[in-house]
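Oh and the first sequence: position 263 is 262 in numbering that gives the first Met the number 0, straight run, nothing missing.
Reviewing the structure listed below.
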Amino acid sequence: MNHNLLADLLLPEITKDIEYYREKYPSRNLDKKQIVTRFAPSPTGFIHMGSLYSAFVSSSFAANTNGVVFLRIEDTDKKREVENGIEGIVDDLKKYSINFDEGATIGGEYGPYIQSERKEIYQTFIKHLIREGLAYPCFCSEEELENIRKSQEANKERLGYYGKWAIGRNLTLEEIQSNLEQGKKYTIRLKSPGDFNRRITHMDLVKGKVEFPENDLDIVIMKGDGIPTYHFAHLVDDYLMGTTHVIRGDEWLSSVPVHLQLFQTFKLEPPKYAHISPIVKNDGGSRRKLSKRKDPESAISFYHQKGIPEEAVKIYLATLTNTNFEEWYNQNPDKGLKDFNFTFEKMNASGALFDLDKLINISKTYFSRLSGEEVYAGALKYYLEYDKEFACIIERNKEHTINILNIERYIKKPRKDISAYEDIKEEIWYLFDELYLDKDEKDLFKNNEADLEHETSILDEYIDKYYDKDDDKQTWFNKVKELAQNHGYAGSMKEYRDNQDSFKGHVGTICEYIRFALTSKTKTPDLYEILKLLDKDSIKKRFIKFKTFLNN
RNA sequence: GGCCCGUUGGAGAAACGGUUAACUCACAUCCCUCUCAAGGAUGCAUUCACGGGUUCGAAUCCCGUACGGGUCACCA
């Protein structure tokens, strides 16, 4: 068979050769240690936890070695395409500040970075293979392939298009010509040189040493529409783009023999592969991959709506990437993700179960390390999107809000009561007069959790005789003790415990009473701090409100 | 069914043939304390899916079994 003739027959419009592209995309001038990797999603419009994880891992490794990470859009399947799919992905990645050196919407020397724009490049490589007699057209229809499968099943033979089943291999030039004239659809297949009985060894960066039989399947490299399959696009792109490390989900592990063979066919050195385990979910006792459809927590928007900071999500992903990250992070609170050296060896070969509790804990710690101003800025942004009214209130009362957020913040062990921006309103709303005083007292105190309706005189006495905005904490507390003792309450817990019968209660009871009258809550941060944040007038009004409630 | 990968407490996991199986989260109890949050203390795997083997010695090496996952597309 004259392969040159065949090549021209099948791909007449391709006039360049692979040397042209080799020259157009020269190898990168980088140090051996610097890795070149990529994040290569399909344009589905948004990314989910799994792909964010993969993007995070890729960019972290590249950053660690001062290497290159680029964004490539794998849109060779037209059925999957979504309108504005690329923009959605780029937006999501931007939110998480995962930055690329090159790629779709950014540009770069090795573009285009969108596979649908690289058709000519792929076909040039395919034409080369046809010329070499290493690829051929296959005119099998779906039915014919189905029939092959059925007879293989019937004979208990290994499934697939290989060896004697690869009927397209035997077509003569005349037969091919006649098929083409009849307008028959065809694909291009690789003429696999592999032997199923021989074994190859692959050193995976994550999975370690893996052995496979050689690939002997004549895989499709160009689909009926002239677009290459994933396997072929991977070869061409990662070769031309100078990828040194392919980091991808482990569902690709079993394609390694195909990919290695492809590189071998072109006498190219394959990249290193790191097949990372997916994030899984416990679903009624069995583990499965996080599903875009079934699991709300797999969507990035889930965290956005709650207001879990992107940075906290990334820290969680970092702990899944390398568990020793967590220990390091706890020991180096002043350092960030960029300072940690991630290693492939420390990546787990099995899938990690996604744990929301853990993420929330990480988020709490993250919040506790921020300054009040930072929390304020984030909260304002969050509420501007999800609760305009509250956003306006904190915007009007910026200083007051920051003061609230600063309660017990700058101490050795700061409070950890905020796990997400959505928590903040619930935690602090009652400290704004415009929200608190406008509320109906019946709603406010309906639970009357303090259950102390007979002691309203304590409130009057406190505000008239004892209240002084300038008191320090100890002075304040001493005063409250005195107040308590004057009314027959114990001045300390110990006193009360030792002699319960002689007291009506203890200081705590009084604090609880004041707290409830002031905030309608039984649980708040430090009472002293709360009192400092409210002016005398506000305190009085709140007490009156409480008394009004009791009188009705 | 073939081919691959995995299996250490409720969860993430450490250990890379050598005494009592790290650490973090969760959970429980206690302490501190004006409530909450935080913090402190303690508890939570006599045992590393199971069975056999190698070895003076195994969670670690070998074989087998079970279970879970992936893949066998003109999807990525």
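Where is the CB? At the ideal position from N, CA and C, for every residue including glycine.
Query                                                                                                                              : Result
Neighbourhood of tyrosine 109 by C-beta, 6 Å cutoff - its chain only, sequence neighbours within 5 removed                         : Tyr24, Met240
Burial state of glutamine 181, where buried means 16 or more other Cβ atoms lie within 10 Å                                        : exposed
Member of Gly335, Ala298, Ser300 whose CA lies at the smallest distance from the CA of isoleucine 314                              : Gly335
Where threonine 474 falls, given that 16 or more other Cβ within 10 Å makes a residue buried                                       : exposed
Beta-carbon contacts of aspartate 16 that lie in its chain and below 7 Å, excluding the five residues immediately before and after : Thr123, His127
Best match in Tyr238, Ile403, Val209, Arg188 for proximity to leucine 216 [C-alpha to C-alpha]                                     : Arg188
Beta-bridge partners of aspartate 16, as assigned by DSSP                                                                          : The partner list for aspartate 16 (beta bridge, DSSP) is empty, contrary to what the question assumes.
As assigned by DSSP and simplified to three states, the class of glycine 49                                                        : helix
Cut-off 6 Å between Cβ atoms - residues of its own chain near leucine 358, not counting five sequence neighbours on either side    : Tyr315
Beta-carbon proximity of leucine 103 to tyrosine 112, cut-off 9 Å                                                                  : Note that residue 103 is alanine in the sequence shown here, rather than leucine. Yes, the pair counts as a contact, with Cβ atoms nearer than the cut-off.
Close-in-space but distant-in-sequence residues of the same chain around alanine 232 (CB under 8 Å, 5 per side omitted)            : Glu73, Thr75, Gln114, Arg117, Tyr121
DSSP beta-bridge partners of asparagine 281                                                                                        : Arg286
Distance between aspartate 416 and lysine 424 (C-alpha atoms, nearest Å)                                                           : 12 Å
Per-residue burial, aspartate 439 [other beta carbons within 10 Å of its own, 16 or more giving buried]                            : exposed
Rounded distance between the beta-carbons of isoleucine 129 and histidine 2, thought under 8 Å                                     : 6 Å
Three-state secondary structure (DSSP) of alanine 351                                                                              : strand
Local conformation of tyrosine 341 per DSSP, three classes                                                                         : Strictly speaking, residue 341 in this sequence is phenylalanine, with tyrosine absent from that position. The answer is coil: DSSP assigns phenylalanine 341 none of H, G, I, E or B.
C-alpha gap between phenylalanine 45 and valine 89, whole angstroms                                                                : 8 Å
8 Å contact criterion, which glutamine 260 and asparagine 196 should meet: CB distance rounded                                     : 15 Å between Cβ atoms; not a contact.
Top-ranked residue by Cα proximity to phenylalanine 99, from Cys139, Glu131, Ser57                                                 : Ser57
DSSP beta-bridge partners of lysine 271                                                                                            : His244
Cα-Cα separation between glycine 159 and threonine 264, rounded to whole angstroms                                                 : 20 Å
Any 3 or more C-beta pairs closer than 8 Å across the segment 132-152 and the segment 25-38                                        : no
Option in Ala273, Val279, Asn169 with minimal Cα separation from aspartate 294                                                     : Val279
6 Å Cβ shell around glutamate 101 - same chain, five flanking residues per side excluded                                           : Phe69, Gly107
Strand pairing of aspartate 203, partner residues [DSSP]                                                                           : Gly207
Beta-bridge partners of isoleucine 187, as assigned by DSSP                                                                        : Pro136, Met221
Burial state of methionine 48 (16 or more Cβ within 10 Å)                                                                          : buried
Same chain, Cβ closer than 7 Å to valine 479, neighbours up to 5 away in sequence not counted                                      : Val506, Ile509, Cys510
Rounded separation between asparagine 551 and arginine 541 - CA only                                                               : 16 Å
Closest by C-alpha distance to lysine 271, when choosing among His244, Val257, Asp459                                              : His244
contact_flag[the segment 485-493, the segment 359-371] where n(CB pairs < 8 Å) is 3 or more                                        : no
Where threonine 171 falls: helix, strand or coil (DSSP)                                                                            : coil
Neighbour-count burial assignment, tyrosine 161, 16 or more Cβ in a 10 Å radius                                                    : buried
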